[in-house]
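J.: Below is the structure I would like to discuss, written out as structure tokens.
Number of protein chains: 2
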Amino acid sequence: MLELLYPLRTYLIVSGVEHPNVMTADWVIPLSFEPKLLGVSIGQKRYTNSLIKEFGEFVVSVPTIELLKEVWIAGSLSGAREDKLSKLGLTLVRSRKVRVPSIRECQANLECRVIKEVEVGDHTFFVGEIVDVSYGDAFRGGKADLSYRFIMHASFGKNFTTNSDEIFSP
Amino acid sequence: MLELLYPLRTYLIVSGVEHPNVMTADWVIPLSFEPKLLGVSIGQKRYTNSLIKEFGEFVVSVPTIELLKEVWIAGSLSGAREDKLSKLGLTLVRSRKVRVPSIRECQANLECRVIKEVEVGDHTFFVGEIVDVSYGDAFRGGKADLSYRFIMHASFGKNFTTNSDEIFSP
């Protein structure tokens, strides 16, 4: 049933401070304009879940299609069981307001402080206030510029796609 | 800041029972596999917000690009102030398990019962359990078939796009 909402945009979630972790997440949503809130639903058994609960902060990083291999690795290995970061061609850099780092190669990094945690079935829904934003190497202006090729997960599994660059106006 | 998460998939939300309403929503997210949950964030001043609170049910309908005009009308008129349904070329049909109707022209309809309401800034986040699904006229098999051209909102405003049909495997 949930696959009927797919294809969905895919993002990277950074969590942890001394030993940060990066995971892939399709389940990310804007929530509120004022204050600026977003939400992310993370499996209760995921390492990222415990890191967000421990530090109360996370970063949503926006990858473009060039990072597909990294997105796949970040989504299929567990940072709790192995040194995932050493397998990823990603550079963690200091964030502006939160202790959790950002990713240099992404288009943008949204820095979030958790203001609510809601247990929803087998996942935890973290509500984050966006306290700052930085832009990464893939940023070249134009936030709603459809020439960006963002990553979309086709469904559960190993197939991905991207957004079109066509513009339709009703 | 929130526009950095765009482009995002666009869906239709049906609410209400005797006098149903249809609105457009980009802010929809899968939440849990077991039970099967999804969430939708609806502005507190929206008519749909009060209808979901009143009846405790809603339907997420999945439109394809052919319904772009309807999606725009559903997102820009208020069902509280005018007879929005008469301006929409959409056919409401009986749902399988919930009293809120489904939309015949969509690809699929996910029928939800609210199990949690969370106030998040200027919106309410409704957590719905998916109790049944029906398929509409636009369904032709293949849930993760990228030949579907689903609607994506380019950003806030009147520009829309769709998903690519390219398949990338990492």
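Taken in order, these protein sequences are the chains called A and B. Residue numbers are given in numbering that gives the first Met the number 0: position 29 of the first sequence equals residue 28, and the series is strictly consecutive. Residue numbers are given in numbering that gives the first Met the number 0: position 132 of the second sequence equals residue 131, and the series is strictly consecutive. Glycine included, every Cβ here is placed at the ideal spot set by N, Cα and C.
Which residue wins for smallest C-alpha separation from G135(A), given the options G127(A), K115(A), L76(A), V59(A)?
T.: In the first sequence, the residue the question calls residue 135(A) occupies position 136. With distances taken between Cα atoms, G135(A) lies closest to V59(A).
J.: Pull the bridge partners of D131(B) from the DSSP assignment, please.
T.: Here residue 131(B) refers to the residue found at position 132 when the second sequence is read from its first residue. Paired residues: E110(B).
J.: Just how far apart, CA to CA, sit V16(A) and L87(B)?
T.: By 1-based counting over the first sequence, the position of residue 16(A) is 17. By 1-based counting over the second sequence, the position of residue 87(B) is 88. Each residue's Cα considered, the two are about 50 Å apart.
J.: Please confirm whether R8(A) has its beta-carbon closer than 9 Å to some beta-carbon of chain B.
T.: Numbered from 1 along the first sequence, position 9 holds the residue referred to as residue 8(A). It does; some Cβ of chain B falls within 9 Å.
J.: Please tell me whether A170(A) has its Cβ less than 9 Å away from any Cβ of chain B.
T.: With chain A covering 0 to 169 only, the question about residue 170(A) has no answer from this structure.
J.: Nearest-angstrom Cα distance between G55(A) and G140(B)?
T.: Taking the first sequence and counting its residues from 1, one reaches residue 55(A) at position 56. Taking the second sequence and counting its residues from 1, one reaches residue 140(B) at position 141. Taking the straight line joining both Cα atoms gives about 42 Å.
J.: Between E110(A) and V130(A), which are expected to be in contact by the criterion C-beta below 8 Å, what is the C-beta distance as a whole number of angstroms?
T.: As a first step, residue 110(A) is located in the first sequence; it is residue number 111 there, counting from the start. As a first step, residue 130(A) is located in the first sequence; it is residue number 131 there, counting from the start. Between V130(A) and E110(A) the Cβ distance is about 5 Å, and since that is below 8 Å, they are a contact.
J.: If we call anything under 9 Å between Cβ atoms a contact, is N48(A) one with T160(A)?
T.: Residue 48(A) sits at position 49 when you count from the first residue of the first sequence. Residue 160(A) sits at position 161 when you count from the first residue of the first sequence. For N48(A) and T160(A), no; Cβs fall outside 9 Å.
J.: Does DSSP put A24(A) in a helix, a strand or coil?
T.: For this step, residue 24(A) is matched to residue 25 along the first sequence. Here A24(A) sits in strand by DSSP.
J.: Counting beta carbon pairs with one atom in the stretch 64 to 83 of chain A and one in the stretch 22 to 37 of chain A, are three or more of them shorter than 8 Å?
T.: The stretch 22 to 37 of chain A, when compared against the stretch 64 to 83 of chain A, does touch it at the 8 Å Cβ threshold.
J.: I need the boundaries of the alpha helix (DSSP H) containing T47(A), first residue and last residue.
T.: Residue mapping note: residue 47(A) aligns to position 48 of the first sequence, counting from 1. Looking at the DSSP string, the run of the alpha helix (DSSP H) that includes T47(A) is 46 to 54.
J.: Kindly indicate which three-state DSSP category S31(B) falls into: helix, strand or coil?
T.: If you number the second sequence from 1, residue 31(B) lands on position 32. S31(B) falls in the strand class under three-state DSSP.
J.: According to DSSP, which residues form a beta bridge with R80(B)?
T.: Mapped onto the second sequence, residue 80(B) falls at position 81. Paired residues: none, contrary to the question.
J.: Do E128(B) and L36(B) have their CB atoms nearer than 9 Å?
T.: Within the second sequence, numbered from 1, the residue matching residue 128(B) stands at position 129. Within the second sequence, numbered from 1, the residue matching residue 36(B) stands at position 37. Closer than 9 Å, so yes.
J.: CB S168(A) to CB K157(B), shorter than 9 Å?
T.: Start at 1 with the first residue of the first sequence, and residue 168(A) comes out as number 169. Start at 1 with the first residue of the second sequence, and residue 157(B) comes out as number 158. Cβ atoms of S168(A) and K157(B): closer than 9 Å.
J.: I need the DSSP call for I116(A), collapsed to helix, strand or coil.
T.: Locating residue 116(A) in the first sequence gives position 117, counting from the first residue. Residue 116(A) is actually Glu in this sequence, not Ile. Three-state DSSP puts E116(A) in a strand.
J.: Please look up how many angstroms separate the CB atoms of R148(A) and I64(A), rounded, as I've assumed it's under 8 Å.
T.: On the first sequence, residue 148(A) is found 149 positions in, with the first residue counted as 1. On the first sequence, residue 64(A) is found 65 positions in, with the first residue counted as 1. 4 Å between Cβ atoms; contact.
J.: Which residues bound the beta strand (DSSP E) around V39(B)?
T.: In the second sequence, the residue the question calls residue 39(B) occupies position 40. Residues 36 to 42.
J.: Which residues in chain B have a C-beta closer than 9 Å to the C-beta of K44(A)? List them in chain order.
T.: Your numbering for residue 44(A) matches position 45 in the first sequence. What K44(A) touches in chain B: nothing, since even the nearest Cβ is about 12 Å away.
J.: Smallest Cα separation from L91(B): which of G120(B), E81(B), A79(B), A107(B)?
T.: One-based indexing of the second sequence puts residue 91(B) at position 92. It is A107(B) whose Cα lies nearest to the Cα of L91(B).
J.: Cα-Cα, which of S101(A), S40(A), K52(A) is closest to V13(A)?
T.: The residue you call residue 13(A) lines up with position 14 of the first sequence. Closest by alpha carbon: S101(A).
J.: Among residues of its own chain, excluding the 5 on either side of S85(B), which ones have a beta-carbon nearer than 8 Å to its beta-carbon?
T.: In the second sequence, the residue the question calls residue 85(B) occupies position 86. Within the same chain, S85(B) has no close Cβ partners at all.
J.: Taking Cβ to Cβ, would you say F32(B) is nearer than 9 Å to D82(A)?
T.: On the second sequence, position 33 is the one that residue 32(B) refers to. On the first sequence, position 83 is the one that residue 82(A) refers to. Contact: no.
J.: By the three-class DSSP mapping on this structure, what secondary structure does V97(B) have?
T.: Walking along the second sequence from the start, residue 97(B) turns up at place 98. It is coil, neither helix nor strand.
J.: Between P34(B) and chain A, is the shortest Cβ-Cβ distance under 9 Å, so that the two count as touching?
T.: As a working note, residue 34(B) is residue 35 in the second sequence. With 9 Å as the cut-off, P34(B) counts as an interface residue toward chain A.
J.: CB-CB under 6 Å to P29(B), same chain, minus the five flanking residues each way: which ones, in chain order?
T.: Indexing the second sequence from 1 puts residue 29(B) at position 30. Hits under 6 Å: L37.
J.: Could you compute how far the alpha carbon of W229(B) sits from the alpha carbon of H152(A)?
T.: Nothing can be reported for residue 229(B), as the shown portion of chain B is limited to 0 through 169.
J.: Who does V58(B) pair with in a DSSP beta bridge?
T.: To locate residue 58(B), count along the second sequence from 1; it is residue 59. Answer is V13(B), E110(B).
J.: Using beta carbons (cut-off 9 Å, strictly below), is E165(A) in contact with chain B?
T.: For the purposes of this step, residue 165(A) is identified with residue 166 of the first sequence, where counting begins at 1. At least one chain B Cβ lies under 9 Å of E165(A).
J.: On the three-state DSSP scale, how would you describe I166(B)?
T.: Working through the second sequence from its first residue, we reach residue 166(B) at position 167. It is coil, neither helix nor strand.
J.: Quick one: list the residues of chain B neighbouring K157(A), beta-carbon separation under 9 Å, in chain order.
T.: By one-based count along the first sequence, residue 157(A) stands at place 158. Correct list: S168, P169.
J.: Compute the Euclidean distance between the alpha carbons of Y5(A) and L145(B), then round it to the nearest angstrom.
T.: Start at 1 with the first residue of the first sequence, and residue 5(A) comes out as number 6. Start at 1 with the first residue of the second sequence, and residue 145(B) comes out as number 146. Approximately 10 Å, taken between the alpha carbons.
J.: Does any C-beta atom of chain B lie closer than 9 Å to the C-beta of K96(A)?
T.: Looking up residue 96(A) in the first sequence gives position 97. With 9 Å as the cut-off, K96(A) does not count as an interface residue toward chain B.
J.: Using a beta-carbon distance below 9 Å, is K68(B) in contact with chain A?
T.: Against the second sequence, residue 68(B) aligns to sequence position 69. Yes, because at least one Cβ of chain A sits closer than 9 Å to the Cβ of K68(B).
J.: Is the shortest distance between the beta-carbon of P29(A) and the beta-carbons of chain B less than 9 Å?
T.: Position 30 of the first sequence holds residue 29(A). Interface residue, yes.
J.: Apart from the five residues just before and just after L89(B), which ones in its own chain have a Cβ nearer than 7 Å to its Cβ?
T.: Position 90 of the second sequence, counting from 1, holds the residue named residue 89(B). Correct list, in chain order: V21, E69, I102, E104.
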